[in-house]
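Every position in the sequence shown, counted from 1, becomes a number in our numbering once 288 is added.
We treat Cβ as the ideally placed atom computed from N, Cα and C, and that holds for glycine.
Since this is a predicted model, take the numbers as computed values, not measurements.
Data block below; observations after.
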Amino acid sequence: MRKYFIPWASLCLLLPDWANAQQVHISHCLKACPTVSHQGNEVALHHLYAASIAPQTGAVEWVAYRVLPDSVGVASLLPRYWLEDELLDAEVRLQ
């Protein structure tokens with residue numbers, strides 16, 4: 289009896305965590321981020337924005353920005369140099 293208790297107890301304790309581990313909350317979206325139209329789309333999550341990118345075209349399907357009172361007006365002072373997104377796979381990145 290005792291040798292079956294530990295595996296069953298472990299399963300009962302870990303099963304609820306496994307079921308909830310698939311849900312990701314992105315704070316950039318007010319209630320929920322838009323759904324992606326294609327299953328293969330990748331979601332890149334950065335400090336200031338989140339974006340859904342289609343790997344076939346490299347085009348952005350939707351973008352959600354994180355707007356805070358301290359961050360308004362700061363971007364106009366930054367240089368405008370495009371960089372590759374290191375969070376995406378190499379074949380998804382635009383050249």
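With a 10 Å radius around the Cβ and a threshold of 16 neighbouring Cβ atoms, S325 comes out exposed. Assignment of beta-bridge partners to W370 by DSSP yields no partner.
According to the DSSP secondary-structure assignment, S340 is paired through a beta bridge with V331 and W350.
When DSSP states are grouped into helix, strand and coil, D358 belongs to the helix group.
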